[in-house]
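> Provided herewith is a single structure, encoded as structure tokens, for subsequent inquiry.
Numbering (our numbering), first residue to last: 10 to 108.
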């Protein structure tokens, strides 16, 4: 079962990239989407929307390994750090809550 949230996905619009891969990120807000960081449980499946980050086009290409400019481990680290920053933004915006 996958958890999706239209509100979380739409919250990426106009945000700053939180993945911020050095040398890759162009700090453009017009291309930012909610990029899933972890993988789903099967081929072609995505993880839950909570496991995602605000990500610009260039960083998204890198963490999805389309461009492969940085080592995979480093791209993954940037993606996970971006996910943490994104979750902090959601907490501050009240889009996610901790009981």
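We put the beta carbon where it would ideally sit given N, CA and C, even for glycine.
Note that the structure is predicted; figures quoted are calculated from it, not measured.
(1) Can you grab the Cα-Cα spacing for the pair residue 16 / residue 43, in whole Å?
(2) Could you check where the beta strand (DSSP E) with residue 104 kicks off and where it finishes?
(3) Could you give the residue range of the alpha helix (DSSP H) that holds residue 64?
(4) Put residue 21 into one of helix, strand or coil per three-state DSSP.
(5) To the nearest angstrom, report how far apart residue 13 and residue 35 are at their CA atoms.
(6) What number of angstroms, rounded off, separates the C-alpha of residue 105 from the C-alpha of residue 80?
(7) When DSSP builds the beta bridges, which residues end up paired with residue 44?
So, from the listed chains and residues:
(1) 11 Å
(2) Here residue 104 belongs to no beta strand (DSSP E), and DSSP marks it neither H nor E.
(3) Residue 64 -> not in any alpha helix (DSSP H); beta strand (DSSP E) instead, spanning 61 to 64.
(4) coil
(5) 28 Å
(6) 32 Å
(7) 62
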